[in-house]
Amino acid sequence: MKFKTDNQTLKDIEIFDSNTSGQSVFSLFDFMRSLGGRDKLRFFLNNPLTNLSEINDRNTTINFWNKIDFVSDLDIDKYTLDFIEHYLLQGDYPTKPPSKVRAIEKKIHSKLYSSNEYYIIERGVDYVIYLINNIFHFSRKLENYDCPALIKKNNTFIQDIISLPEFKDIPSLNYMPQLSAYTIALYDYIFRYTHKHIVRYFLNLIYEYDVFITVSQIALQENYSYPEMLGQDMNLIELEGVFHPFIKKPVKNDIKLSSSVGNILFLTGPNMAGKSSVLKALSLSVYLAHVGFPVPASKARISLLAGLYTTINISDDTNLGHSHFYAEVRRVKFIVERLKQKNNILIVFDELFRGTNLKDALEGSVAIILALTKIRDCFIAISTHIIEIARELMNETSILFRYMDVLSCEQSFKYTYLLKEGISDSRMGLSIIENEGIISIIESINDNTIE
23 MKFKTDNQTL KDIEIFDSNT SGQSVFSLFD FMRSLGGRDK LRFFLNNPLT
73 NLSEINDRNT TINFWNKIDF VSDLDIDKYT LDFIEHYLLQ GDYPTKPPSK
123 VRAIEKKIHS KLYSSNEYYI IERGVDYVIY LINNIFHFSR KLENYDCPAL
173 IKKNNTFIQD IISLPEFKDI PSLNYMPQLS AYTIALYDYI FRYTHKHIVR
223 YFLNLIYEYD VFITVSQIAL QENYSYPEML GQDMNLIELE GVFHPFIKKP
273 VKNDIKLSSS VGNILFLTGP NMAGKSSVLK ALSLSVYLAH VGFPVPASKA
323 RISLLAGLYT TINISDDTNL GHSHFYAEVR RVKFIVERLK QKNNILIVFD
373 ELFRGTNLKD ALEGSVAIIL ALTKIRDCFI AISTHIIEIA RELMNETSIL
423 FRYMDVLSCE QSFKYTYLLK EGISDSRMGL SIIENEGIIS IIESINDNTI
473 E
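Structural data, given as structure tokens:
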């Protein structure tokens, strides 16, 4: 079963595309040494998992790489790997075992006429032998450690491959061996025809390890943690010290949602207080946890979910003639329809119905949230700066009321970016306008006109 999400959600939490910061989640981890590793990272981030065992296997595998001191022994060389890819794509591959006479003739011909085709074959065979050797000897070192299940499975498969008659001599060959013309032709036949899938396996494996090693290093450097993933029956999202990774020196907060304490987070606070960043940090942590990656939090316990949908940066659909408000309504309808398919998902609404007047936003938000309180096996996070909405919902036991604290400092405000229990009573709009001196500017224009 595929993890349910959509392009709007991926844009909202900036998995691949940046809205404002110039960064994306992809760019946070994009320090692979190979192009194949970069493609593999994109595949992982585009395909969150819904199998608890697969998530935990990937999670523990990534965490493992920081526990060994010979990671650099796995030679992930971009030029070598790119050349192997180029070599495998050559169209004129042998479809029957080579003869010694024909192999010698081809080599002599290449020397006489400087054949680029033969050079690609000769160098491609050398590089594939080196790739297999490097991974094989690295896997032998890993056998001395208590490896995660995924690495053990890979190591067993590698040993099985090396025991095949076609591959058994490879570990005894050195890098760039002076192979005979016949041996080159034979391995070319094996690598590009009879056992091309095995060469692809080794390439895929080193790309995968490239991602895992890189992500583990980033996690250590940025103080990410490895989430404890729970069965969906636990119905829990618990994040301690969660933060948004794009923010320099971020303020960390705690968030806990469950069917017992409340499955709806209702977040109030004035504009610029940090509500959107908290919702993005929550969404991103849940998403990365299902990718099997570490998350930007000090500690995380998360139930297995079926999907994630957000409404954070909705724009007008001018091509269809839709207003911002109607675009929001259609988005909310789309998301609640997903609940009919699978309840255990996380839904995030940032500033519901900001595209309409205060009365409609108040009434529409209250009606929808009250309806959502009857669904207890999903998680919902909603933010608003319309305090009156919260007051209409105060008796709902499934709602956890939190606000972003703001401190008044004489005629200015200090944003703490801290979550606190309760409902915000800050009304800062007019004060911000006055602090910016907008009224004074207008009045000065009027005075100049009179003069």
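In my numbering, the protein residues as written are 23 to 473. Quick reminder that beta carbons are idealized off the backbone N, C-alpha and C, glycines included. Since the model is a prediction, treat every value here as computed from it, not as a measurement.
Those residues which DSSP pairs with residue 423 across a bridge:
288
Residue 298 burial status per 10 Å Cβ neighbour count (16 or more: buried)
Label assigned to residue 298: buried.
Work out the CA separation of residue 204 and residue 128 for me, nearest whole Å.
10 Å
Host alpha helix (DSSP H) of residue 414 (start-end)
409-414
Give me the DSSP bridge partner(s) of residue 390.
Paired residues: none, contrary to the question.
Tell me whether residue 23 is buried or exposed, calling it buried when 16 or more other Cβ atoms sit within 10 Å of its Cβ.
exposed
Contacts around residue 212, its chain only, beta-carbon distance under 7 Å, and the 5 residues preceding and following it disregarded
Once the five neighbours on either side are set aside, the close Cβ partners of residue 212 are 188.
State the Cα-Cα distance for the pair residue 398 and residue 302, rounded to the nearest angstrom.
When rounded, the separation of the alpha-carbon atoms in residue 398 and residue 302 is 22 Å.
Contact between the segment 313-325 and the segment 436-448 is defined here as three or more beta-carbon pairs at a separation below 8 Å; is this criterion met?
no
Buried or exposed: where does residue 342 fall if 16 or more other Cβ atoms within 10 Å of its Cβ makes it buried?
Residue placement at residue 342 cannot be trusted, given a pLDDT of 49 that sits under 50; the coordinates are not used to answer.
Among residues of its own chain, excluding the 5 on either side of residue 426, which ones have a beta-carbon nearer than 6 Å to its beta-carbon?
Answer for residue 426: 291, 295, 296 and 297, listed in chain order.
Can you tell me which of the three DSSP states residue 25 falls into?
coil
Inter-residue Cα distance where the pair is residue 385 and residue 232
Their backbone Cα atoms lie some 51 Å apart in a straight line.
If you drop the 5 nearest sequence neighbours on each side, which residues of the same chain put their C-beta closer than 8 Å to that of residue 90?
164 and 167
Determine the extent of the beta strand (DSSP E) in which residue 417 is found, giving its start and end residues.
Per DSSP, residue 417 belongs to no beta strand (DSSP E) and is neither H nor E.
Tell me, which residues are paired with residue 324 by DSSP?
251 and 259
Distance between residue 228 and residue 474 (C-alpha atoms, nearest Å):
The displayed coordinates of the chain run from 23 to 473. Any statement about residue 474 would go beyond what the structure contains.
Using 10 angstroms around the beta-carbon of residue 88, count the other beta-carbons present and answer buried if the total reaches 16, otherwise exposed.
exposed
Figure out for me which residue from 331, 68 and 86 has the closest Cα to the Cα of residue 169.
Closest by alpha carbon: 86.
Contact set for residue 74: own chain, Cβ-Cβ below 7 Å, skip 5 residues either direction:
251, 253 and 326
According to DSSP, simplified to helix, strand and coil, what is residue 365?
coil
Please determine, among 120, 421 and 442, the residue with the shortest C-alpha to C-alpha distance to residue 429.
442
Measure the alpha-carbon distance for residue 340 versus residue 333 and round it to whole angstroms.
Here residue 340 scores only 42 on pLDDT, less than 50, and its place in the model is too uncertain to base an answer on.
Compare the Cα-Cα distances from residue 380 to each of 395, 256 and 411 and report the closest residue.
411
Alpha carbon to alpha carbon, how far is residue 420 from residue 365? Give it in angstroms, no decimals.
16 Å
Compute the Euclidean distance between the alpha carbons of residue 265 and residue 146, then round it to the nearest angstrom.
The alpha-carbon separation between residue 265 and residue 146 amounts to approximately 46 Å.
Within a Cβ cutoff of 8 Å, which residues of the same chain sit near residue 39, ignoring the five residues on either side of it in sequence?
Closer than 8 Å at the Cβ level, and outside the excluded window around residue 39, lie 32, 33 and 46.
Would you please state the rounded distance, in angstroms, between the beta carbons of residue 249 and residue 323? I believe it to be under 8 Å.
7 Å
Assigned secondary structure, residue 195 (DSSP; H/G/I helix, E/B strand, else coil):
Coil.
When we look at the beta-carbon of residue 375 and count the other beta-carbons within 10 Å, is it buried (16 or more) or exposed?
buried
Along the chain, where does the beta strand (DSSP E) containing residue 403 start, and where does it finish?
401-406
Output yes or no for whether 8 Å exceeds the beta carbon distance between residue 462 and residue 368.
Against a cut-off of 8 Å, the Cβ pair of residue 368 and residue 462 comes out as no contact.
Taking 7 Å as the cut-off, is the CB of residue 209 close to at least one heavy atom of the ligand SAM?
Absent from the structure shown: the ligand SAM. Ligands present: none.
Looking at the unbroken alpha helix (DSSP H) that takes in residue 329, where does it start and where does it end?
In the DSSP assignment, residue 329 falls outside any alpha helix (DSSP H) and lies within the beta strand (DSSP E) extending over 329-333.
If you run the structure through DSSP and keep just helix, strand and coil, what is residue 281?
Here residue 281 sits in coil by DSSP.
Let me check one thing: in DSSP terms, what residues is residue 443 bridge-paired to?
424
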